[in-house]
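Take a look at the structure:
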């Protein structure tokens, strides 16, 4: 039996019991009375700021009022009308930076209405009944290919299906769900929620999923355009930026995305090897998810090393605090220089950074920390562009996801514009679907 | 230090907080504990005539309107008068009064509207040594179907008649408890006074159905699938009670008649308000039934603190103080002009004032693109709706417009002179000012 103190990289640092506890739901569901009290705090604002702040424009005051009057199913319908993945978004949305940040009670009292947890209550209530609140319009005779079964693709597919369009969703991986299934910290999506949500979403009918079909490998945009009336690309960011420092090819240096994916797909957490000393390089949500989960697997020391200051970190303050509360050390203004073996130990050399002439540069001052395992969480990249025009490093889109190629739309993380958030991807998929429908039916130009 | 002792009809009590005739005062055990907890007096749960006592339902007796956090806002009950034998109650009253000579013990009575029935029970009650009686002419459910309670309280002639009997066969103070289930409460109050009542107490509970079970289609509380109206009380009824109290205080026929105020008294502030409208004390039930006897401690400390802050030495100092300011609509000053004002520093931009004013009132609040809300004086009629729907207390206030300024809504100059409807040119019945 190993322990957090076992040197190097080792599995079974914690007991199964401890692991089960560590990876339990981050937020328990609200109890019925808590729901009523929480819902009562909503002021039912006029033209509410929370709605404006929601990328999917969910009518938040309305759904909360529906909850407060004992009709959580109607509340869920209000949510799903705008965001068919409202269940997952209730779990993973950085509400502290979106709806709850805009809540007038956050502004006035520093205590927002618990919109995220109320949304979860509503969506869980409806989904537990195994009913689907939407039905399909009559078949239009149109078919659309969706490439990528992540939040944007699923959202697009569902909305297209509602409009009476038959959809085939291709996905490179064995399971649908995208980052909901393969990314995101496990404690935010427990009990196989991502897969259950996909099944529930597909129950509207008219959507076929074809797994293990990857654009560029098994599919071409030309073929898809020929076989379908329109194509929606939601392939996400399949590539990862490499650390690119001396020694990064060595054992123990991997990308955080792969680590999270392995963890999400594991049915035996104790079998996952984790370092005694783990360092995560990066400052986003992926960095936090990797760091916290390393700690939860039993790593003794976990450090997030970010090259800029705290204020520049893209992980929210809430996420930073979540990491800190789990014992993760946050280091700012440090960049990795090299990884070296020192005897039995691996050491990461970090260099302090400072802004010089508007550019982030190393100061020359270094420090070394033990790093049996280093996770790079320094951004993801587009794996295939399908020959489309890019904007920056993403597929360029205008309007509701229109790409440079006629009949091809794109949304989610692979497309330009918007934050790389689940909720943003859902909005983009939904809006593209409406535009595709209008275009195919001759209602738009 | 404020003196909370009261002298109501010559009945002394350490404070003005009495427990109303209701379940909390149904027996010696409760009443002793109530006095120990600090209550100044009790009105014993209503006694009926000798013989087999009434029976209560064996199902739920109460229904409630809750706030979101299960706060009891209104309570309804279908309980009848005491269902314990008369002799048991009389013995207990005797013992309690003997042990608590400085606390008020009033006995509530409800017997048939026949002289003999009153002639029978009054000497027995007198023998207990209790300080007075309260005639239950108010209970709106059950007993009223049998010609008692509210059935008597709704006929002023009966009130006068029974009150007269009581004054004839009982030597101590007689308080007549009035029902609110009547169109003009001044008539039964005046009847009580004509009959010789020493005081009135009000209100008794209001006819009510608090909820309907939408599955069983039964009103609640439901007794095996059927429900009946009950009597409504608690914080929700306080405004109704205070209005009725004020009418009795103001009516020439009843002005000066001592009043024991009842209806939703939950805090010291409620009690103070009732007293300003002319009550000599207050009776409490729902607050005790919700929070237990201990709640009186807050009432005592709160009233005492407020009186100290205001410099009131005793209850008489502010008793009835709001009566002169309670008037008829026709005497309200129509020359008084106010405008809503929104304090931008306190505003949290929820927009409730805007929605309320724009959709349902006078379109007198403007909303900017960046969610700043401001009052359009040219439209504002000072209705106060924005003030009341604003979640931030005192963020929106009503500001009196100074004399000499022009009201942009009417174009008229604000004047200091008082003028009301009776002399207004639009009033067909206006009388020329003399």
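Chains as they are written, first to last, in our numbering: chain A, 166 to 610; chain B, 1135 to 1568. Even for Gly, the Cβ is constructed at its ideal location relative to N, Cα and C.
*asked:* Within 8 angstroms, do at least three Cβ pairs link the region 286-306 of chain A to the region 367-380 of chain A?
replied: yes
*Would you mind giving the Cβ-Cβ distance between residue 323/A and residue 249/A, rounded to the nearest angstrom? I have them listed as a contact below 8 angstroms.*
5 angstroms
*Shortest alpha-carbon distance to residue 1201/B belongs to which of 1369/B, 1235/B, 1146/B, 1278/B?*
1369/B
_So that I know if they touch, is there some Cβ in chain B lying closer than 9 angstroms to that of residue 219/A?_
no
*If the cut is a Cβ gap below 9 angstroms, which residues of chain A does residue 1484/B touch?*
208, 209, 210, 211, 213, 214, 269, 270, 273
*asked:* Which residues does DSSP list as the beta-bridge partners of residue 500/A?
replied: 516/A
*Select from the region 276-296 of chain A all residues with a C-beta closer than 7 angstroms to any C-beta belonging to chain B, and list them in chain order.*
none
*Under 9 angstroms between C-beta atoms, does residue 204/A make it to chain B?*
yes
*Thinking C-alpha only, which one of 450/A, 208/A, 356/A is nearest residue 193/A?*
356/A
*Indicate whether residue 486/A and residue 349/A have their beta-carbon atoms separated by less than 9 angstroms.*
no
*In the DSSP assignment, find the unbroken alpha helix (DSSP H) run with residue 225/A in it and report its ends.*
225-233
*Got a sec: is the Cβ-Cβ distance from residue 1203/B to anything in chain A below 9 angstroms?*
yes
*How is the alpha helix (DSSP H) around residue 423/A delimited, first residue to last?*
421-430
*When the cut-off is 9 angstroms and only beta carbons count, does residue 237/A lie next to chain B?*
no
*May I ask which residues mark the beginning and end of the alpha helix (DSSP H) holding residue 1467/B?*
It is not in any alpha helix (DSSP H) - residue 1467/B carries neither H nor E in the DSSP assignment.
*Identity of the residue in 1228/B, 1166/B, 1182/B, 1470/B nearest residue 1217/B by Cα*: 1182/B
*asked:* Quick check on this structure: which residue in 1521/B, 1243/B, 1339/B, 1477/B has the alpha carbon closest to the alpha carbon of residue 1374/B?
replied: 1339/B
*Given a limit of 8 angstroms on CB to CB distance, which residues of the region 1501-1529 of chain B reach chain A?*
1501, 1505, 1525, 1526
_Check whether residue 1552/B and residue 1469/B have beta carbons under 9 angstroms apart_ = yes
_Cut-off 6 angstroms between Cβ atoms - residues of its own chain near residue 1341/B, not counting five sequence neighbours on either side_ = 1274, 1315, 1363
*Of the residues 533/A, 498/A, 506/A, 396/A, the one placed nearest residue 514/A, counting alpha carbons only*: 533/A
*Of the choices 259/A, 599/A, 424/A, 223/A, whose alpha-carbon is the least far from that of residue 540/A?*
424/A
_Using a 10 Å radius around the Cβ and a threshold of 16 neighbouring Cβ atoms, would you call residue 263/A buried or exposed?_
buried
*Does DSSP put residue 310/A in a helix, a strand or coil?*
strand
*Mind checking the region 1486-1501 of chain B against chain A and listing, in chain order, the residues whose C-beta falls within less than 7 angstroms of any C-beta there?*
1486, 1488, 1489
*Can you give the Cα-Cα distance for residue 570/A and residue 421/A, rounded to whole angstroms?*
34 angstroms
*Taking DSSP as the reference, what is the three-state secondary structure of residue 610/A?*
Note on residue 610/A: pLDDT 43, under 50, position unreliable in the model; the coordinate value appears next. Coil at residue 610/A, not helix or strand.
*asked:* Against residue 201/A, what residues of chain B qualify as contacts under a CB-to-CB distance less than 7 angstroms, listed in chain order?
replied: 1202
*May I ask you to verify whether the region 1339-1358 of chain B touches the region 1403-1418 of chain B, counting CB pairs closer than 8 angstroms and requiring at least 3?*
no
*For residue 436/A, which residues in chain B fall below 9 angstroms Cβ to Cβ?*
The premise fails here: residue 436/A is roughly 47 angstroms from chain B at the closest Cβ pair, so nothing lies under 9 angstroms.
*Anything in chain B within Cβ reach of residue 233/A, meaning under 9 angstroms, just list it in chain order.*
1202
*Do residue 1264/B and residue 1380/B have their CB atoms nearer than 9 angstroms?*
no
*asked:* Output needed for residue 610/A: all residues of its chain with C-beta closer than 6 angstroms, excluding positions within five of it in sequence on either side, in chain order.
replied: Legend: pLDDT at residue 610/A = 43, less than 50; position of this residue unreliable, no value from coordinates given.
*Inspect the CB distances between the region 432-444 of chain A and the region 545-560 of chain A and report whether three or more fall short of 8 angstroms.*
no
*Based on the DSSP output, what are the partners of residue 1153/B in its beta bridges?*
1176/B, 1418/B
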